[in-house]
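Down below is the structure, laid out as structure tokens.
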Amino acid sequence: MLTHLECTRCGEHYPADRPQTVCPKDAGVLYARYDLPTIKRTFSSARLAGRAATMWRYDAVLPAADPISLGEGFTPMLASREFPNVFIKDEGLNPTGSFKARGLSACVTMARHYGLKKLAIPSAGNAAGALAAYAAAGGLEAHIFMPKDVPAANRIECDYYGAHVTLVDGLISDCAKKVAELKNSDVWEKEKWFDVSTTKEPYRVEGKKTMGYEVAEQLGWRMPQGIIYPTGGGVGLLGMWKAFEEMEALGWIGPERPKMITVQSAGCAPIVKAWDEGKSSSEMWANAATLASGLRVPKPYGDYLILDILKKSKGTAVSATDDEILEATRHWAKVEGIFAAPEGAACLVAYRKLRATGFFQPEDTVVLFNTGNGLKYLDVLDARVAAGASPAKPAQSSKPAARQIGGIIGPY
Ligand SMILES: [Zn+2]
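Position 129 of the sequence shown, counting from 1, maps to 129 under my numbering, and the rest follow consecutively.
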């Protein structure tokens, strides 16, 4: 039912029967478009019942290709123990422990469908792990370019998945430059390389949009009043908004929309800055630094789309400091039993701020996206505890320090 690709800037159509990157005219992000009237006639939301509990249950609105699946998507929508009417969408339960699994499952599926062989990605960390896993499952080569200070889990998982890893001294934007250099070399075409950077190909958005379908389905086809989303590249925000438009065209939901809220780290908040200044695109954030590595994106490529969605949905953009994020990570773990990625815990910081200002009322249904699993950040969190930045150091034990007994570390 995929009919064509459409430029989000100029509206130009491009064929979907071959790999495409961005609009050749204006470098706009391309969106996959479907024959929604026909899907509406042949597929209803009631037919989802009993389907596989993965994102591919929505294959009626995804490209028709043989999926490379590791069981991604259809993650739990957990009711908050602390705030009535708040739900935590726990993306940490995805394969590779983050929401990146959705985008890369769809993207690598299409890459294999088109006969591509070598996939290159600049990544802040979790997208790298996801690409490496799906490339391994699909029999493609993954070439990863990531900052040398990514969480250890990202480096190690890529190694185990058999990906080719280049550690770059810099940020994701510097990694993107490395991929651009490679693109200008003569092997690019000959060896069937492809760049799967965020929003520089159309299908990661398609995978991520399934989060929007799930929000609707898991809330009984009623839209929440708000969605708080930690925004690095912003693919999920774009995808969910696209999903809502598709679902309205399919008659699955009405015209109502949640307020879409971007949360970023105070150490890298290009969207928050642009939003506060009323601008329609962002500027490169200088000296980006935050423990929430997924939010270290100094200028998202799809910034104009993110800002447009915030405006259309009557949403807003909020920042959270690293200390606030760390406290929220610990708070969620203790109160909700959810060991979240720091990026995800930033949603709690934003929710509290928006409740304090009256932007949200207690009766508003709000979905907070935990985008990853805290277990992928153990070294990052441990380093913070060691540096004394976290309020709760390990409690003093009355027992003497551990000593080694015959190669076993004893507790006494
Ligand atoms: Zn265009």
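Where a beta carbon is used, it is the ideal one built from N, C-alpha and C, also for glycine.
Note on geometry: alpha-carbon atoms of P230 and V297 lie some 11 Å from one another. In this chain, the beta strand (DSSP E) harbouring V318 covers T316 to A320. A288 and C268 have their C-alpha atoms spaced approximately 5 Å apart.
Between ligand 1 and the CB of D26, the shortest heavy atom gap is smaller than 7 Å.
Scanning its chain for C-beta atoms nearer than 6 Å, with the 5 sequence neighbours on each side dropped, one finds around A249 the residues L36, in chain order.
The continuous beta strand (DSSP E) containing C7 extends over residues L2 to C7. In this structure, ligand 1 has a non-hydrogen atom nearer than 7 Å to the beta-carbon of R9. Per DSSP, the continuous beta strand (DSSP E) segment holding I227 begins and ends at G226 to P230. Rounded to whole angstroms, the separation of the alpha carbons of K178 and N94 is 29 Å. In the DSSP annotation of this structure, Y31 is not part of any alpha helix (DSSP H); the continuous beta strand (DSSP E) holding it starts and ends at L30 to Y34.
Taking C-beta atoms as the reference points, G233 and N126 fail to come closer than 8 Å. Nearest to C158 by C-alpha distance, out of P202, A176, A137 and G236, is A137.
Not one heavy atom of ligand 1 is found less than 7 Å from the C-beta of E201. Excluding five sequence positions before and after A266, the CB atoms of its chain that fall closer than 6 Å to its own CB belong to S319 and T321, given in chain order.
By a beta-carbon distance limit of 8 Å, A176 does not contact A130. Their separation comes to about 17 Å. K192 places its beta carbon less than 8 Å from that of G115. If only uninterrupted alpha helix (DSSP H) runs of at least 4 residues are considered, those enclosed by the segment 25-74 are 36-42. Between G50 and G372, the CB-CB gap reaches or exceeds 8 Å. Note that the C-beta distance between F369 and K89 is below 8 Å. Annotation for N370: the continuous beta strand (DSSP E) segment containing it runs V366 to N370.
Rounded to whole angstroms, V366 and E141 show a C-alpha spacing of 40 Å. In terms of Cα proximity to I309, the closest of M260, A356, Q264 and K279 is M260. The count of Cβ pairs closer than 8 Å, one atom from the segment 333-342 and one from the segment 372-381, reaches three, so the stretches are in contact. The beta carbon of I39 sits closer than 7 Å to the beta carbons of M1, A60, V61 and L250 from its chain, once the five residues preceding and following it are set aside; these are given in chain order. Bridge partners of M260 according to DSSP: I227. Between M247 and the set T166, R222 and V263, the nearest pair of CA atoms involves R222.
A Cβ-Cβ distance of about 7 Å is found for the pair I227 and V215, placing them in contact under the 8 Å criterion. Following the DSSP letters along the chain, one finds P122 inside the beta strand (DSSP E) bounded by residues K118 to P122.
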